[in-house]
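With the working numbering as the guide, the letters of the sequence shown map in order to residues -10 to 103.
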Amino acid sequence: VQLQVSGGGLVQAGGSLRLSCAASGSTFKAIGWYRQAPGKQRELVAAISSGGSTNYVDSGKGRFTISRDNAKNTVHLQMNSLKPEDTAVYYCNADDYYNPIDYWGKGTQVTVSS
């Protein structure tokens, strides 16, 4: 199983970034994004099921949109109106459809400057 992550970077407050995660090697239920800021616990940012149901962190509602291309097993996280508090390392996570296993991609840094 591979989770190929792209996106991230440095942006000014109010700007936008798009993260993508291409999952391969299995079939997946939910695919989502987590983030971890220095000194803080990792938290769920957004997740989407294979059926399209979505879940967002409260602070991201109205600003973040997660979408999924099931044919390509790819998930995109569009983040708008970014705030300095969104600064963190973002990780893609995928739940295996057939086994009680989840996988993690490499983290990608998102830095929002004020």
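Built from N, CA and C at the ideal position, the CB exists for glycine as well.
G4 beta carbon less than 8 Å from that of L66: Sequence index remark: in the sequence shown, residue 66 carries index 77 (1-based). Sequence index remark: in the sequence shown, residue 4 carries index 15 (1-based). Against a cut-off of 8 Å, the Cβ pair of G4 and L66 comes out as no contact.
Answer yes or no: do M68 and L(-8) have a C-beta to C-beta separation smaller than 8 Å? Position 79 of the sequence shown, counted from the start, is the residue given in the question as residue 68. Position 3 of the sequence shown, counted from the start, is the residue given in the question as residue -8. Result no, Cβ atoms of M68 and L(-8) do not sit closer than 8 Å.
Would V34 and T97 qualify as a contact pair, given that the criterion is a beta-carbon distance under 8 Å? Stepping through the sequence shown from its first residue, residue 34 is reached at position 45. Stepping through the sequence shown from its first residue, residue 97 is reached at position 108. Their beta carbons are not under 8 Å apart, which means V34 does not touch T97 by this criterion.
Looking only at its chain, what residues have a beta carbon closer than 6 Å to the beta carbon of I55, apart from the 5 residues adjacent to it on each side? Along the sequence shown, read from residue 1 onward, the residue named residue 55 stands at position 66. Contacts found: A35, I37, T43 and L66.
Which first and last residues belong to the beta strand (DSSP E) in which G94 is found? Position 105 of the sequence shown, counted from the start, is the residue given in the question as residue 94. First-last for G94: undefined, no H or E at that position.
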